[in-house]
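K.L.:
The structure is given below, and queries will be raised subsequently.
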């Protein structure tokens, strides 16, 4: 059904302030690039601020798509794609900045935390939680679109960022609910576990439904290995046992696949 003039005018009127906000956020993002050139020492905090701006922009793009569907009955693939790119680029920048990798130990990230002394446990938690909320929102907007399976990588990158910003020493040190950082540390750990589990599940589903690429299972294994370490640290034997079963099963599947491929080459 064609869009009526009234629908188009209503959408233009409602979307105008959101587009103005997007312009303002883009200008601030560009201005911060100038700060980076002038003072490299500010890079960690500038990148964090730019990531927060990207999350705000993603949210606005998703809202614009929602308005378009409600008012014009028209899905805006451009807005959804732009929202995804904003989240993706922001995650990639912070993963690169922090040097986060899947096989990092529970203490290696302490050097990274020392670079962000102004980010207390609550601010780090809010950053990761903000990413998770916007990522979930963007994935829902994407639905079964062409980039459906790209979100496995995004959840994995968020898992790495959540890991590198998790203060495991603080978690181990704070045993009393009244101590500073107690609630934030536990909420952060729960969010890390949930995000890593989601990423592993996304990769498993991607393997089963989008090409049977063994590389997707191998990435899921890396995430399950991370969870194995975390469950052991947190003292959660029940979840550790479930995770171990999944890990063993997935490793066996990969070994069988690689063995068959090797035999086919002979």
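Numbering (UniProt numbering), first residue to last: 1 to 266. Glycine residues also receive a C-beta, built at the ideal position from the N, C-alpha and C atoms. Given the structure is predicted, the values throughout are model-derived calculations rather than measurements.
1) Output yes or no for whether 8 angstroms exceeds the beta carbon distance between residue 152 and residue 203.
2) Between the beta-carbon of residue 253 and the beta-carbon of residue 134, is there less than 8 angstroms?
3) Please identify the residue among 156, 249, 137 and 21 whose C-alpha is closest to the C-alpha of residue 81.
4) If we count the other Cβ atoms within 10 Å of its Cβ and call it buried at 16 or more, is residue 23 buried or exposed?
5) What are the start and end residues of the alpha helix (DSSP H) that includes residue 152?
6) Are the CB atoms of residue 246 and residue 217 within a distance shorter than 8 angstroms?
7) In angstroms, rounded to a whole number, what distance separates the CA positions of residue 41 and residue 124?
8) Compute the beta-carbon to beta-carbon distance between residue 196 and residue 229, rounded to the nearest angstrom, for a pair I have assumed lies under 8 angstroms.
9) Under 7 angstroms Cβ to Cβ from residue 148, same chain only, skipping five residues before and after it: list those, please.
10) Helix, strand or coil for residue 76, going by three-state DSSP, please let me know.
11) Three or more C-beta pairs closer than 8 angstroms, one from the segment 156–176 and one from the segment 95–109: is that the case here?
12) Let me check understanding here. Comparing Cα to Cα, which of 11, 231 and 48 lies closest to residue 68?
13) Helix, strand or coil, according to DSSP, for residue 113 in the structure here?
14) Is it the case that the segment 26–33 contacts the segment 47–61, given that we only count it when at least three CB pairs across the two stretches are under 8 angstroms?
15) Start and end of the alpha helix (DSSP H) containing residue 198?
16) The ligand GDP and residue 22: does any heavy atom of the ligand fall closer than 7 angstroms to the residue's C-beta?
17) In whole angstroms, give me the CA-to-CA distance for residue 214 and residue 261.
18) Measure the alpha-carbon distance for residue 183 versus residue 221 and round it to whole angstroms.
19) Quick check on DSSP: helix, strand or coil for residue 134?
20) Please classify residue 26: does DSSP put it in a helix, a strand, or coil?
21) Closer than 7 angstroms by C-beta to residue 200: which residues in its own chain qualify, once you throw out the five before and the five after it? Chain order, please.
22) Between residue 207 and the rest of its own chain, which residues show a CB-CB distance below 7 angstroms, the 5 nearest in sequence each way excluded?
23) Residue 56 and residue 25: beta carbons closer than 8 angstroms?
24) Within the continuous alpha helix (DSSP H) that includes residue 45, where are the two ends?
25) Should residue 118 and residue 61 be called a contact, given that it needs their Cβ atoms to be closer than 8 angstroms?
26) Hey, residue 157 and residue 53 are a contact pair by Cβ (cut 8 angstroms); roughly how many whole angstroms apart?
27) Can you tell me whether residue 88 is helix, strand or coil according to DSSP?
28) What's the C-alpha gap between residue 70 and residue 3?
29) Going by DSSP in three states, residue 121 sits in which element: helix, strand or coil?
P.N.:
Taking the geometry as given:
1) It is a contact, given that the beta carbons lie within the stated cut-off.
2) Not a contact, by the Cβ cut-off of 8 angstroms.
3) 137
4) exposed
5) 151–164
6) Not a contact, by the Cβ cut-off of 8 angstroms.
7) 19 angstroms
8) 10 angstroms between Cβ atoms; not a contact.
9) 142
10) coil
11) yes
12) Closest by alpha carbon: 11.
13) helix
14) yes
15) 182–209
16) Ligands are entirely absent from the displayed structure, and the ligand GDP is therefore not among its contents.
17) 11 angstroms
18) 29 angstroms
19) Three-state result, residue 134: helix.
20) helix
21) Answer for residue 200: 220, 223 and 224, listed in chain order.
22) Excluding sequence neighbours, residue 207 sits near 213, 216 and 217.
23) yes
24) Per DSSP, residue 45 belongs to the alpha helix (DSSP H) from 43–67.
25) no
26) That pair is no contact at about 18 angstroms.
27) helix
28) 12 angstroms
29) Looking at residue 121 - three-state DSSP - the assignment turns out to be helix.
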